[in-house]
Amino acid sequence: MIIHVRNKNSLIIDDFTLKCCIGKNGLNSNKREGDLSTPKGSFKLKRLYFRKDRVGVPKCKIRKKIITKNMGWCDDSNNKKYNSEIIISKKNKEKFYRDDFKYDYLITINHNNKKIPFKGSAIFIHLTENYKPTAGCIALKKSDFEILLKLIDQNTKLKID
(Lines of atoms letter the chains of each structure in order from A and count residues from 1; the text may use other names and numbers.)
(Lines give C-alpha, C1' and ligand atoms only; values in the text may rest on other atoms or scores of the structure.)
Protein backbone atom coordinates (compact mmCIF):
# COMPACT_ATOMS: atom_id res chain seq x y z
CA MET A 1 0.00 0.00 0.00
CA ILE A 2 1.15 3.55 -0.74
CA ILE A 3 0.38 6.78 1.09
CA HIS A 4 0.58 9.47 -1.59
CA VAL A 5 1.07 13.16 -0.85
CA ARG A 6 0.72 15.02 -4.16
CA ASN A 7 0.30 18.58 -2.99
CA LYS A 8 0.05 20.79 0.08
CA ASN A 9 -3.37 19.60 1.19
CA SER A 10 -4.12 16.04 0.00
CA LEU A 11 -3.00 12.68 1.29
CA ILE A 12 -4.34 9.69 -0.65
CA ILE A 13 -4.40 6.14 0.68
CA ASP A 14 -6.48 3.35 -0.78
CA ASP A 15 -9.91 4.87 -1.58
CA PHE A 16 -9.48 7.71 0.92
CA THR A 17 -8.41 11.27 0.19
CA LEU A 18 -7.58 12.96 3.47
CA LYS A 19 -6.92 16.64 4.03
CA CYS A 20 -3.41 17.33 5.29
CA CYS A 21 -0.86 20.09 5.60
CA ILE A 22 2.85 20.09 4.80
CA GLY A 23 5.86 22.35 5.31
CA LYS A 24 5.39 26.10 5.08
CA ASN A 25 7.72 26.27 2.05
CA GLY A 26 6.09 23.40 0.16
CA LEU A 27 7.72 20.28 -1.29
CA ASN A 28 11.45 20.15 -1.93
CA SER A 29 13.71 17.58 -3.59
CA ASN A 30 16.79 19.08 -1.88
CA LYS A 31 15.72 19.17 1.78
CA ARG A 32 17.94 21.13 4.18
CA GLU A 33 17.71 21.36 7.96
CA GLY A 34 15.41 24.22 8.97
CA ASP A 35 14.19 25.12 5.45
CA LEU A 36 10.51 24.59 6.43
CA SER A 37 9.92 22.30 3.43
CA THR A 38 8.65 18.74 3.17
CA PRO A 39 11.07 16.39 1.38
CA LYS A 40 10.05 14.82 -1.92
CA GLY A 41 10.70 11.13 -2.33
CA SER A 42 9.62 7.63 -1.44
CA PHE A 43 9.98 6.63 2.21
CA LYS A 44 9.39 3.69 4.51
CA LEU A 45 7.34 4.08 7.67
CA LYS A 46 9.52 3.36 10.68
CA ARG A 47 7.45 3.50 13.87
CA LEU A 48 4.30 4.89 15.43
CA TYR A 49 4.89 6.81 18.67
CA PHE A 50 1.84 7.57 20.80
CA ARG A 51 0.72 9.15 24.06
CA LYS A 52 -0.92 6.24 25.89
CA ASP A 53 -2.30 8.64 28.53
CA ARG A 54 -4.24 10.52 25.82
CA VAL A 55 -5.06 8.04 23.03
CA GLY A 56 -4.77 4.62 24.64
CA VAL A 57 -2.98 1.82 22.79
CA PRO A 58 -3.83 1.97 19.08
CA LYS A 59 -4.61 -1.19 17.17
CA CYS A 60 -2.43 -1.09 14.09
CA LYS A 61 -0.05 -3.20 12.00
CA ILE A 62 3.03 -1.00 12.37
CA ARG A 63 5.72 -1.07 15.05
CA LYS A 64 4.72 1.19 17.93
CA LYS A 65 6.19 2.74 21.05
CA ILE A 66 4.70 4.64 23.98
CA ILE A 67 5.96 8.22 24.33
CA THR A 68 7.59 8.92 27.70
CA LYS A 69 8.31 12.30 29.30
CA ASN A 70 12.01 12.33 28.43
CA MET A 71 11.69 11.09 24.82
CA GLY A 72 12.49 13.15 21.77
CA TRP A 73 14.31 13.39 18.45
CA CYS A 74 17.74 14.88 17.77
CA ASP A 75 17.67 17.74 15.26
CA ASP A 76 21.24 18.93 15.98
CA SER A 77 23.30 18.28 12.83
CA ASN A 78 26.52 18.28 14.88
CA ASN A 79 25.34 15.54 17.25
CA LYS A 80 26.19 11.86 16.59
CA LYS A 81 22.53 11.02 17.42
CA TYR A 82 21.28 13.38 14.66
CA ASN A 83 17.93 12.29 13.20
CA SER A 84 17.40 9.60 15.86
CA GLU A 85 15.30 9.02 18.95
CA ILE A 86 17.01 10.42 22.05
CA ILE A 87 16.63 11.17 25.73
CA ILE A 88 15.80 14.90 25.79
CA SER A 89 18.33 17.50 26.90
CA LYS A 90 18.20 21.29 26.67
CA LYS A 91 20.18 21.24 23.42
CA ASN A 92 17.88 18.84 21.56
CA LYS A 93 14.52 20.56 21.36
CA GLU A 94 12.27 18.15 19.42
CA LYS A 95 10.42 16.84 22.46
CA PHE A 96 7.77 14.13 21.93
CA TYR A 97 5.94 14.57 25.25
CA ARG A 98 4.26 17.91 24.54
CA ASP A 99 1.61 19.98 26.27
CA ASP A 100 -0.30 20.33 23.00
CA PHE A 101 -1.79 17.41 21.05
CA LYS A 102 0.42 17.46 17.92
CA TYR A 103 2.50 14.45 18.92
CA ASP A 104 -0.23 12.39 20.58
CA TYR A 105 0.37 10.26 17.48
CA LEU A 106 3.40 10.52 15.22
CA ILE A 107 4.94 8.23 12.65
CA THR A 108 8.63 8.45 11.87
CA ILE A 109 9.84 7.87 8.30
CA ASN A 110 13.23 6.97 6.89
CA HIS A 111 14.02 10.41 5.44
CA ASN A 112 17.79 10.99 5.77
CA ASN A 113 18.29 7.52 7.19
CA LYS A 114 22.06 7.91 6.61
CA LYS A 115 21.98 10.88 9.04
CA ILE A 116 23.82 13.26 6.70
CA PRO A 117 24.26 16.52 8.65
CA PHE A 118 22.00 19.40 7.57
CA LYS A 119 19.96 17.19 5.16
CA GLY A 120 16.89 17.32 7.41
CA SER A 121 15.66 15.53 10.48
CA ALA A 122 12.47 14.94 12.46
CA ILE A 123 10.22 14.50 9.41
CA PHE A 124 7.06 12.90 10.78
CA ILE A 125 3.40 12.31 10.08
CA HIS A 126 1.66 13.90 13.07
CA LEU A 127 -1.52 15.69 14.17
CA THR A 128 -2.98 19.11 13.40
CA GLU A 129 -6.14 20.92 14.42
CA ASN A 130 -6.10 23.80 11.97
CA TYR A 131 -4.02 22.71 8.94
CA LYS A 132 -1.45 25.47 9.48
CA PRO A 133 1.77 24.71 7.58
CA THR A 134 4.36 22.64 9.45
CA ALA A 135 8.14 22.95 9.73
CA GLY A 136 8.44 20.10 7.17
CA CYS A 137 6.21 17.30 8.45
CA ILE A 138 2.88 16.05 7.15
CA ALA A 139 -0.02 16.63 9.53
CA LEU A 140 -3.59 15.28 9.69
CA LYS A 141 -6.60 15.71 11.93
CA LYS A 142 -6.84 13.02 14.63
CA SER A 143 -9.86 11.29 13.08
CA ASP A 144 -8.06 11.04 9.71
CA PHE A 145 -4.85 9.84 11.37
CA GLU A 146 -6.85 7.05 13.01
CA ILE A 147 -8.25 6.04 9.59
CA LEU A 148 -4.68 5.98 8.30
CA LEU A 149 -3.61 3.72 11.19
CA LYS A 150 -6.27 1.17 10.24
CA LEU A 151 -5.02 1.01 6.64
CA ILE A 152 -1.24 0.92 6.97
CA ASP A 153 1.21 -1.83 7.86
CA GLN A 154 4.99 -2.12 8.10
CA ASN A 155 5.26 -2.50 4.29
CA THR A 156 3.34 0.71 3.51
CA LYS A 157 5.37 3.32 1.63
CA LEU A 158 5.02 7.10 1.74
CA LYS A 159 5.38 8.81 -1.64
CA ILE A 160 5.75 12.60 -1.63
CA ASP A 161 5.89 14.32 -5.00
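My numbering numbers the first residue of the sequence shown as 15 and each following residue consecutively. Even for Gly, the Cβ is constructed at its ideal location relative to N, Cα and C.
Check	Outcome
Beta carbon of Cys35 nearer than 7 Å to that of Ala153	yes
Straight-line gap, His125 to Leu172 (C-alpha atoms, nearest Å)	10 Å
Rounded C-alpha distance that separates Thr122 from Lys60	5 Å
Buried versus exposed, by CB contacts within 10 Å (16 or more), Trp143	Strictly speaking, residue 143 in this sequence is Glu, with Trp absent from that position. Flag for Glu143 reads exposed.
Buried or exposed (CB count within 10 angstroms, at least 16 for buried), Asp158	buried
Through-space distance from Ile101 to Arg65, alpha-carbon basis	16 Å
Whether Lys54 touches Ser43 by CB criterion (7 Å)	yes
Among Thr52, Val69 and Pro72, nearest to Lys133 - alpha-carbon criterion	Thr52
C-beta contact flag for Lys38 and Pro147 at 7 Å	yes
DSSP-derived helix/strand/coil call for Glu160	helix
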